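Enquirer:
In the UniProt record's numbering, the protein residues as written are 1 to 60.
Here it is as structure tokens:
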């Protein structure tokens, strides 16, 4: 999803915009990865903060 791409690439502004327009923070890919997981794994702390503030769960 676009949120996964924003999370993986560290595009905090895009992630915030997507959340403002209703993107789900807790989508889980087949391998169990979420936008929060991928942002964290890639060291994008600003995106992690945005996702958590947007309602992302540690265990969706």
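Idealized CB from N, CA, C, for every residue including glycine.
What you are looking at is a predicted structure, and each value in this text was computed from that prediction instead of being measured.
(1) Just reading off the alpha helix (DSSP H) that residue 37 is part of, what are its end residues?
(2) I'd like the list of long-range same chain contacts for residue 36, defined as Cβ closer than 6 Å, with 5 residues on each side in sequence excluded.
(3) What span of residues does the alpha helix (DSSP H) with residue 18 cover, start to end?
(4) Considering only residues of the same chain and omitting the five flanking positions on each side of residue 19, which have a CB-CB separation below 6 Å?
(5) Which term fits residue 3, buried or exposed, when burial requires 16 or more other beta carbons within 10 angstroms of its beta carbon?
(6) Let me know the secondary structure DSSP gives residue 25 once reduced to three states.
Expert: Taking the geometry as given:
(1) 35-41
(2) 51, 56
(3) 12-20
(4) 54
(5) buried
(6) coil
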